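> Anchor point for the sequence shown: position 105 equals 112 in our numbering, and the numbering is continuous, going up by one each time. Cβ coordinates follow ideal geometry from the N, Cα and C atoms, glycine included. Being a predicted model, the structure only gives us computed values, none of them experimental.
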Amino acid sequence: MPSEYNNQQRKQLELYFRCLSSVCTDSVMGYHYIPFGFPFTDRILRRGSMKKAFAAWGVTDKESLLSRVQWLLEDGLREEYKKLHTSLAARNEVSRKRYVESSVDHPDHAKVVIVNAFLHQLPSGEIAAFGGAWAIFMCNMGLTYGYLTKDEAWGLKIKAARHLQQYYNSWEDYLTAFVAGNSYSDSDSEMKMQAHITSIASMLLGSSTLAMDKAQWGLA
Numbered sequence: 008m009p010s011e012y013n014n015q016q017r018k019q020l021e022l023y024f025r026c027l028s029s030v031c032t033d034s035v036m037g038y039h040y041i042p043f044g045f046p047f048t049d050r051i052l053r054r055g056s057m058k059k060a061f062a063a064w065g066v067t068d069k070e071s072l073l074s075r076v077q078w079l080l081e082d083g084l085r086e087e088y089k090k091l092h093t094s095l096a097a098r099n100e101v102s103r104k105r106y107v108e109s110s111v112d113h114p115d116h117a118k119v120v121i122v123n124a125f126l127h128q129l130p131s132g133e134i135a136a137f138g139g140a141w142a143i144f145m146c147n148m149g150l151t152y153g154y155l156t157k158d159e160a161w162g163l164k165i166k167a168a169r170h171l172q173q174y175y176n177s178w179e180d181y182l183t184a185f186v187a188g189n190s191y192s193d194s195d196s197e198m199k200m201q202a203h204i205t206s207i208a209s210m211l212l213g214s215s216t217l218a219m220d221k222a223q224w225g226l227a
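(1) LEU59: which of LEU91, MET148, LEU22 sits nearest, CA to CA?
(2) Can you list, in chain order, the residues of its chain whose CB lies under 7 Å from that of SER194, leaving out five sequence neighbours each side?
(3) Roughly how many angstroms lie between the CA atoms of ASP112 and HIS203, to the nearest whole one?
(4) Along the chain, where does the alpha helix (DSSP H) that runs through TYR23 open and close?
(5) Would you call the CB atoms of GLY188 and GLY83 closer than 9 Å?
(6) Measure how close the beta-carbons of SER29 and TYR40 come, nearest whole angstrom, since I'm counting them as under 8 Å.
(7) Okay, do the segment 83–96 and the segment 128–137 touch, 3+ Cβ pairs below 8 Å being the bar?
(8) Helix, strand or coil for ILE207? Go by DSSP, reduced to three states.
(9) Is DSSP giving PRO130 helix, strand or coil here?
(10) If we ignore side chains and look at the alpha-carbon of each, how far apart do TRP178 and TRP224 end up?
(11) LEU163 and TYR23 look like a contact to me (Cβ under 8 Å); what is the Cβ gap, rounded to whole Å?
(12) Applying the criterion that 16 or more other CB atoms from any shown protein chain within 10 Å of the CB defines a buried residue, is ASN105 buried or exposed?
(13) Which same chain residues, not among the five before or five after SER196, have their C-beta less than 7 Å away from its C-beta?
(14) At the level of alpha carbons, what is the spacing between PRO42 and ARG25?
(15) Report all residues from its chain with a CB closer than 7 Å to the CB of HIS170; omit the five preceding and five following residues, and keep chain order.
(16) Select from ASN14, SER190, LEU155, GLU21 the residue whose C-alpha is nearest the C-alpha of ASP115.
(17) Let's test the definition: count the other Cβ atoms within 10 Å of the Cβ of ALA63 and tell me whether it reaches 16, buried, or not, exposed.
(18) Between VAL107 and chain B, is there a C-beta pair that is closer than 9 Å?
(19) Tell me which residues share the same chain as ALA208 and place their Cβ nearer than 6 Å to its Cβ, disregarding the 5 neighbours each side in the sequence.
(20) Leaving out five residues before and five after PRO130 in sequence, what residues of the same chain have Cβ atoms less than 6 Å from its Cβ?
(21) Hey, could you find the ends of the alpha helix (DSSP H) GLY139 is sitting in?
As structure tokens, then:
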């Protein structure tokens, strides 16, 4: 890890990274992941879920992990989402409704529904949150799985966090964008992940004031 950070700063940044990537966990793991990450005693138990996550993303070794992280940061479906967002935003409400209804038999109908649902919540159409969150989460898994060294994982996480900070000014904006992007990626028009994100948001921004006190937005 770069010598420019002391131990306290590194711990604070690692907490920030876990907060950013906690949205990639399931609802049970999320409560454990934010404060503790993947401690050594849990690695054997976590490896099953990590293996499934890597398989879903086509990660089989260090090279494929680095390639996937690069894709998540440089692409991550951002341009595809923005293109559809721009198309829908250019239409009036009546025209948009007709367009969404007319796409019901199209393979990408679910994606149209999702982008339309977030049209006003995410006026920028920027879903970098999706790629950035998963990039950080994969780096943490890669470190635990032995694909990355501490220095390699640290450098990539710093890069991803700063990438995210270019596009969002608050945790609220970031979380909204992640739900939009993750739902779009999964073609999940029911947005089943939203309840989990709401739970994470409550942990970060609610009574615990974790993000406000210890992992303020823009920390990296």
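On the basis of the data shown:
(1) Locating residue 59 in the sequence shown gives position 52, counting from the first residue. According to the sequence as given, residue 59 is Lys; it is not Leu. Out of LEU91, MET148, LEU22, MET148 has the C-alpha closest to the C-alpha of LYS59.
(2) As a position in the sequence shown, residue 194 is number 187, starting the count at 1. Beyond the five residues adjoining it in sequence on each side, SER194 comes within less than 7 Å, by CB distance, of ALA117, LYS118 in the same chain, given in chain order.
(3) Here residue 112 is taken as the residue at index 105 of the sequence shown, counted from 1. Here residue 203 is taken as the residue at index 196 of the sequence shown, counted from 1. Distance between the alpha carbons of ASP112 and HIS203 is about 29 Å.
(4) Looking up residue 23 in the sequence shown gives position 16. Looking at the DSSP string, the run of the alpha helix (DSSP H) that includes TYR23 is 14–28.
(5) The count along the sequence shown starts at 1 and reaches residue 188 at position 181. The count along the sequence shown starts at 1 and reaches residue 83 at position 76. Yes, Cβ-Cβ distance for GLY188 and GLY83 is below 9 Å.
(6) On the sequence shown, position 22 is the one that residue 29 refers to. On the sequence shown, position 33 is the one that residue 40 refers to. Indeed they touch by this definition, with Cβ atoms about 6 Å apart.
(7) Cβ pair count under 8 Å is three or more, so yes.
(8) Here residue 207 is taken as the residue at index 200 of the sequence shown, counted from 1. Assignment of ILE207 by DSSP, reduced to helix, strand and coil, places it in the helix class.
(9) In the sequence shown, counting from the first residue as 1, residue 130 sits at position 123. PRO130 falls in the coil class under three-state DSSP.
(10) Within the sequence shown, residue 178 is the residue found at index 171, counting from 1. Within the sequence shown, residue 224 is the residue found at index 217, counting from 1. Distance between the alpha carbons of TRP178 and TRP224 is about 6 Å.
(11) Within the sequence shown, residue 163 is the residue found at index 156, counting from 1. Within the sequence shown, residue 23 is the residue found at index 16, counting from 1. Not really, about 14 Å apart at Cβ, beyond 8 Å.
(12) On the sequence shown, position 98 is the one that residue 105 refers to. A small fix is needed here, since residue 105 is Arg in this sequence, not Asn. Exposed, since its Cβ has fewer than 16 Cβ neighbours within 10 Å.
(13) Here residue 196 corresponds to residue number 189 of the sequence shown, with the count starting at 1. Within the same chain, Cβ atoms closer than 7 Å to the Cβ of SER196 are found at ALA117, VAL120, ILE121, the five residues on either side in sequence being excluded.
(14) Here the question's residue 42 lines up with position 35 in the sequence shown. Here the question's residue 25 lines up with position 18 in the sequence shown. Going from the Cα of PRO42 to the Cα of ARG25 covers about 8 Å.
(15) Stepping through the sequence shown from its first residue, residue 170 is reached at position 163. Result list for HIS170: LEU80, ALA135, GLY139, in chain order.
(16) Here residue 115 corresponds to residue number 108 of the sequence shown, with the count starting at 1. Of ASN14, SER190, LEU155, GLU21, the residue nearest in Cα terms is SER190.
(17) The residue labelled residue 63 in the question sits at position 56 within the sequence shown. Exposed, since its Cβ has fewer than 16 Cβ neighbours within 10 Å.
(18) Among the chains in the structure shown there is no chain B, since it carries only a single protein chain.
(19) Position 201 of the sequence shown, counted from the start, is the residue given in the question as residue 208. Taken in chain order, the residues that qualify are LEU182.
(20) Position 123 of the sequence shown, counting from 1, holds the residue named residue 130. Around PRO130: no qualifying Cβ.
(21) For this step, residue 139 is matched to residue 132 along the sequence shown. According to the DSSP assignment, GLY139 belongs to the alpha helix (DSSP H) that extends over 135–152.
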